[in-house]
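Trainee: Here the sequence shown is numbered in full-length UniProt numbering, starting from 1 and rising by one per residue.
Glycine included, every Cβ here is placed at the ideal spot set by N, Cα and C.
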Amino acid sequence: MSTIKNHVQLIGNVGQEPTITNLENGKKVARFSLATNEYYKSEKGEKVQNTEWHTVVAWGKTAEIIEKYAGKGKEIGVSGKLKSRSYEDNDGIKRYVTEVEANEILLLGVKNGNTSAE
1 MSTIKNHVQL IGNVGQEPTI TNLENGKKVA RFSLATNEYY KSEKGEKVQN
51 TEWHTVVAWG KTAEIIEKYA GKGKEIGVSG KLKSRSYEDN DGIKRYVTEV
101 EANEILLLGV KNGNTSAE
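See below:
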């Protein structure tokens, strides 16, 4: 049961081009937003779409895969865990952030008509 503690799986679309940072130690980190959609029928029987936005962070080889294959609009699956942190913004206000730290990425959709991962 310990493998399902703090485990997140999402399927959605990359919201914007991922930001890739090359760290001094040679590692890469990728940061991007992921939109997941939920559909349901309203009381009037109309189809309603609810979109949730998630911030995803990936390190190392996973970041390299994102950099190469996961552009804006691409449908992907993400498996990882939730991480929370805080920081002070430029005005000295303490901000809190919860992110998905991805350890596995699954490329699902077609980007620019290309179905193969090169």
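Assuming glycine 15 and serine 33 are in contact, meaning their beta carbons sit under 8 angstroms apart, how far apart are those beta carbons, in whole angstroms?
Mentor: 4 angstroms
Trainee: Rounded to a whole number of angstroms, what is the C-alpha to C-alpha distance between alanine 63 and tryptophan 53?
Mentor: 19 angstroms
Trainee: Near glycine 50, what residues of its chain come up, given a Cβ to Cβ distance below 6 angstroms and the 5 sequence neighbours on each side ignored?
Mentor: The residue you asked about is not glycine; residue 50 is asparagine in the sequence shown. Same-chain partners within the cutoff: Glu38.
Trainee: Starting from isoleucine 65, trace the alpha helix (DSSP H) both ways and give me its first and last residue.
Mentor: 60 to 69
Trainee: Helix or strand or just coil, what does DSSP make of isoleucine 93?
Mentor: coil
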